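J.: Please see the structure below; I have some questions.
Protein chains in written order, with our numbering: chain E, 75 to 492; chain L, 75 to 492.
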């Protein structure tokens, strides 16, 4: 198989389909989503068979248990895919919205119209449900999609692709509006991320290694979702109860998510009072603490944190703790070590809260709230394709709007420039 | 000189200065702009001396007359720089604006705050006034800037840089908030566009060759401004007077700008009526027409257009003319040959106007208006750093907003996720 020729064909078809999708009405795109949901429901047997092949292959290749778990399409996961499609169908259509319409002194009327990006390439790892999730968000926002899933999920993904094709066909949209790459050859990824003629943006979903590799090699813009080294700073004017609740929730509500707190900063003025309470709470939850020397003075049992700890995303029941000399020190530490994902201050002090919001350069900055809220659903976006740690285009949780652009529309009545 | 080490130092200083600029108040940034204006006014002699050195060098190196003209800092151009600084100072500050603030079912309050991008790298060619223009827009929008002008303008740019430094210092901002690269070594550009640690976005200003080269080699997002192959489509339901005015204005108001029409499309139903009138008007203006065979049937004197003409940005008194079979044909031609910059339809037909707006995939789409309106000032942005032909981040004329990003702000009262 000539991978370059195959991917160019996929790209060309996507570019062509993108025009049809961009032109389509809200009703047609929603119909495609609902018809795909029905097709998935009707194809449970085929999905199970395809998934069993992948699982068998995975076991034969010695995939870890966690990988196999992510690969599995249980009936509950198929239910969730179907429900997800219905939810996306019920979201408001971002496309075509015209805003900021004003008359200019010249007499022309100028505004902005929200439009699809065009063709979106999605590169992801094992979970086959991402196929439906990503395709549905791209379709809803008027884009064509090229999906490249993990090779271990190829049969499951192709079975899902068949359902998507059926849904598209039933609604009168071109089947190539959603294409799942048919080859597991890694060269296909290299082609996909270097075809600016056919692909407008790449959204990689997966581990940091994957995303860094793609960002480095891409000749197409990438919506990046790198690591989440999130901080909670307990200010000396914090309400102790809120501080305790927020710190514990930010760390322990889930350990493996990017919006989980990885470093706790405590103002030195209240460290001696609050750290023992925090240590008790974290001990109860089985969280290992790694502290700076000042933390260890207060909590002698704590492991000594090394320089590396301040820049580590544990994704595990481990927490780095540092005693800080006031707000300036906290902001400095965060702007140095944070991955600019999500950082929260706990304080009752108005001026410090305002300074934290302004001076911490992260995609989500919070006052008296758990970092775990940094999420497209919690923010009311209705959906989330990822959390951008970039500043360009989209920052923070990316919903449908992040998959769109705005063009200028100008209405005249024979106006010319003088 | 170790260029890599020098640029890394410039980058590091810019990153540090960016924090101070981001934190600064509107008043302080405006003060820096106004103080720079005064410094320029006071430095007219130094500017003239430095510019004379550049002009002399340029003549010695055999620069073309057009290049030398662009290089010259006449008193009127210095006046314009000063006036530009005052205008930018008077624009509303985009930074800190909080929008979309809503309460979520969880009880948190979520909104978005407009924030600077951080460090912006500007790469440009001969015109030294770009130094002030670009620096002022970046500073106004809370960013630090690294400017790399053409080597032929190095002395002028350094003299301008001294004024900027003075303005920054007087307002209490770090002088490194605006740095003009001191070396003319081309390797400096290579470093500037591959330092994602220090530079958040690159804005190249210059010819297509420069921008393509930078886009290809950059490891940092680029706000691209490629060519403008703009179309006017005269529909069969056009008002002939509006059609004539718009076509002539779009082509002849200025020839060398990116929003100048390069191809005129005329519906075949009215071609025989309107083309002779258009030909007269263009003959009066000295515009050479190159036509398709159908155009030549009506206007036998016209030069035959080749396939290349449909994809050429003439930037000159030359116009390609094509007779088209209705709206579908026009949209197809435009989506194939347009550079997705600006395209306009002339029609009185409501449905065709709406279809053109929706289906033409360009950064500005117009009804009954001259393409020459596609401009940040005409659109009311108050300023323009370029016109983006990309869809990612900023599309069309880019003003202050395009130099900013939005972060999420979350207000809670001890809220945790359950």
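Each residue gets a CB set at the ideal place from its N, CA and C atoms; glycine is no exception.
Just so we're clear, the structure is a prediction, and the values are computed from it rather than from any experiment.
(1) Closer than 7 Å between beta carbons: that is the criterion. Which residues of the region 259–279 of chain E meet it against chain L?
(2) For residue 289 of chain L versus residue 304 of chain L, is the C-beta distance shorter than 9 Å?
(3) Taking the beta carbon of residue 381 of chain E as the centre, do at least 16 other beta carbons fall within 10 Å, making it buried, or is it exposed?
(4) So, under 8 Å CB-CB, residue 168 of chain E and residue 186 of chain E are touching, yes? Tell me the CB distance rounded to an integer number of Å.
(5) How would you list, in chain order, the residues of chain E whose beta-carbon sits under 7 Å from the beta-carbon of residue 176 of chain L?
(6) Within 9 Å (strictly less), CB to CB, does residue 436 of chain E reach chain L?
(7) Does the region 256–267 of chain E come into contact with the region 132–152 of chain E, if we say contact requires no fewer than three beta-carbon pairs (one atom in each stretch) closer than 8 Å?
(8) Using a Cβ cut-off of 7 Å, pull out every chain E residue sitting near residue 327 of chain L, in sequence order please.
(9) From the beta carbon of residue 391 of chain E, is the nearest beta carbon of chain L less than 9 Å away?
(10) Label residue 411 of chain L either buried or exposed according to how many other C-beta atoms from any shown protein chain fall within 10 Å of its C-beta, with 16 as the threshold for buried.
(11) Cutting at 7 Å between CB atoms, please list the residues of its own chain near residue 27 of chain L, excluding the five before and the five after it.
(12) Mind pulling the chain E residues with CB within less than 7 Å of residue 78 of chain L?
(13) Which residues in the same chain as residue 301 of chain L place their Cβ atom closer than 8 Å to its Cβ, once the five residues preceding and following it in sequence are excluded?
(14) Whose C-beta lies closer than 7 Å to the C-beta of residue 194 of chain L among residues of the same chain, with five residues either side of it excluded?
(15) Given 8 Å as the limit, is there contact between the region 344–351 of chain E and the region 309–318 of chain E, that is, 3 or more CB pairs closer than that?
(16) With residue 339 of chain L and residue 307 of chain L assumed to form a contact (beta carbons below 8 Å), what rounded beta-carbon distance in angstroms separates them?
(17) Any contact of the region 172–183 of chain E with the region 234–249 of chain E, i.e. 3+ C-beta pairs under 8 Å?
(18) Can you give the Cα-Cα distance for residue 279 of chain L and residue 90 of chain L, rounded to whole angstroms?
(19) So what does DSSP say about residue 434 of chain E, is it helix, strand or coil?
(20) For residue 362 of chain E, tell me which candidate among E/383, E/422 and E/155 has the shortest Cα-Cα distance.
(21) If we cut at 9 Å on Cβ distances, does residue 319 of chain E have a partner in chain L?
(22) May I have the straight-line CA-CA distance separating residue 486 of chain E from residue 442 of chain L, to the nearest angstrom?
(23) Could you tell me whether the region 232–241 of chain L touches the region 115–135 of chain L, where touching means 3 or more Cβ pairs closer than 8 Å?
(24) Identify whether residue 354 of chain L lies in helix, strand or coil by the three-state DSSP scheme.
(25) Going by DSSP, what residues sit across from residue 183 of chain L in a beta bridge?
(26) Assign residue 424 of chain E to buried or exposed, taking buried as 16 or more other Cβ atoms, counted over all protein chains shown, within 10 Å of its Cβ.
(27) In this structure, does DSSP put residue 116 of chain E in helix, strand or coil?
(28) Just reading off the alpha helix (DSSP H) that residue 267 of chain E is part of, what are its end residues?
(29) Tell me which residue opens and which closes the beta strand (DSSP E) that residue 219 of chain E is part of.
(30) Considering only residues of the same chain and omitting the five flanking positions on each side of residue 129 of chain E, which have a CB-CB separation below 8 Å?
(31) Considering Cα atoms alone, identify which of L/393, L/469 and L/249 is closest to residue 334 of chain L.
(32) Taking 9 Å as the cut-off, decide whether the C-beta atoms of residue 378 of chain E and residue 367 of chain E are in contact.
(33) Starting from residue 149 of chain E and walking both ways along the alpha helix (DSSP H), at which residues does that stretch end?
(34) Taking only beta-carbon atoms, is residue 460 of chain E less than 9 Å away from chain L?
(35) When DSSP labels each residue in this structure, what does residue 242 of chain E get in the three-state scheme?
(36) By the DSSP assignment, the beta strand (DSSP E) with residue 471 of chain L in it spans what residues?
T.: Once the coordinates are examined:
(1) 274 and 275
(2) Indexing the second chain from 1 puts residue 289 of chain L at position 215. Indexing the second chain from 1 puts residue 304 of chain L at position 230. No. Outside cutoff.
(3) Position 307 of the first chain, counted from the first residue, corresponds to residue 381 of chain E. Under this definition residue 381 of chain E is an exposed residue.
(4) Residue 168 of chain E sits at position 94 when you count from the first residue of the first chain. Residue 186 of chain E sits at position 112 when you count from the first residue of the first chain. Rounded, the Cβ-Cβ distance is 12 Å, inconsistent with contact.
(5) As a working note, residue 176 of chain L is residue 102 in the second chain. Going along chain E in sequence order, the residues near residue 176 of chain L (Cβ under 7 Å) are 454.
(6) Your numbering for residue 436 of chain E matches position 362 in the first chain. Cβ-Cβ to chain L under 9 Å: yes for residue 436 of chain E.
(7) no
(8) Taking the first residue of the second chain as 1, we reach residue 327 of chain L at position 253. 491, listed in chain order.
(9) The count along the first chain starts at 1 and reaches residue 391 of chain E at position 317. Closer than 9 Å: no.
(10) The count along the second chain starts at 1 and reaches residue 411 of chain L at position 337. Counting Cβ neighbours within 10 Å, residue 411 of chain L comes out buried, since at least 16 surround it.
(11) Not covered by the structure: residue 27 of chain L. The range shown for chain L is 75 to 492.
(12) Along the second chain, one-based indexing puts residue 78 of chain L at 4. Near residue 78 of chain L there are no residues of chain E at all, since even the closest Cβ is about 19 Å away, more than 7 Å.
(13) Looking up residue 301 of chain L in the second chain gives position 227. 282, 332, 387, 413, 415 and 463, listed in sequence order.
(14) As a first step, residue 194 of chain L must be located in the second chain, where it is residue number 120. Excluding residues within five positions, the ones whose Cβ falls inside 7 Å are 212, 217, 219, 274, 275, 277 and 477.
(15) yes
(16) Working through the second chain from its first residue, we reach residue 339 of chain L at position 265. Working through the second chain from its first residue, we reach residue 307 of chain L at position 233. Yes, residue 339 of chain L and residue 307 of chain L are in contact; Cβ-Cβ is about 4 Å, under 8 Å.
(17) no
(18) The residue given as residue 279 of chain L occupies position 205 in the second chain. The residue given as residue 90 of chain L occupies position 16 in the second chain. Cα to Cα, the separation comes out at about 25 Å.
(19) Stepping through the first chain from its first residue, residue 434 of chain E is reached at position 360. Coil at residue 434 of chain E, not helix or strand.
(20) Here residue 362 of chain E is taken as the residue at index 288 of the first chain, counted from 1. That would be E/383, whose Cα lies nearest to the Cα of residue 362 of chain E.
(21) As a working note, residue 319 of chain E is residue 245 in the first chain. Residue 319 of chain E counts as touching chain L.
(22) Counting from one through the first chain, the residue named residue 486 of chain E turns up at place 412. Counting from one through the second chain, the residue named residue 442 of chain L turns up at place 368. If you take the alpha carbons of residue 486 of chain E and residue 442 of chain L, they lie about 5 Å apart.
(23) yes
(24) The residue labelled residue 354 of chain L in the question sits at position 280 within the second chain. DSSP places residue 354 of chain L in helix when its eight states are reduced to three.
(25) Looking up residue 183 of chain L in the second chain gives position 109. Per DSSP, L/177 and L/485.
(26) Against the first chain, residue 424 of chain E aligns to sequence position 350. By the neighbour-count rule (16 or more Cβ atoms within 10 Å), residue 424 of chain E is not buried but exposed.
(27) Looking up residue 116 of chain E in the first chain gives position 42. Helix.
(28) On the first chain, residue 267 of chain E is found 193 positions in, with the first residue counted as 1. Premise fails: residue 267 of chain E is in no alpha helix (DSSP H) and is neither H nor E.
(29) Along the first chain, read from residue 1 onward, the residue named residue 219 of chain E stands at position 145. Segment 218–222, the beta strand (DSSP E) holding residue 219 of chain E.
(30) Here residue 129 of chain E corresponds to residue number 55 of the first chain, with the count starting at 1. Within the same chain, residue 129 of chain E has close Cβ partners 142, 145 and 146.
(31) Taking the first residue of the second chain as position 1, residue 334 of chain L is located at position 260. The option with the nearest alpha carbon to residue 334 of chain L is L/393.
(32) Sequence index remark: in the first chain, residue 378 of chain E carries index 304 (1-based). Sequence index remark: in the first chain, residue 367 of chain E carries index 293 (1-based). Yes, these two residues count as a Cβ contact at 9 Å.
(33) Position 75 of the first chain, counting from 1, holds the residue named residue 149 of chain E. Where residue 149 of chain E is concerned, the enclosing alpha helix (DSSP H) stretches over 149–164.
(34) Here residue 460 of chain E corresponds to residue number 386 of the first chain, with the count starting at 1. Cβ-Cβ to chain L under 9 Å: no for residue 460 of chain E.
(35) As a first step, residue 242 of chain E must be located in the first chain, where it is residue number 168. Helix at residue 242 of chain E.
(36) On the second chain, position 397 is the one that residue 471 of chain L refers to. Its beta strand (DSSP E) spans residues 470–472.
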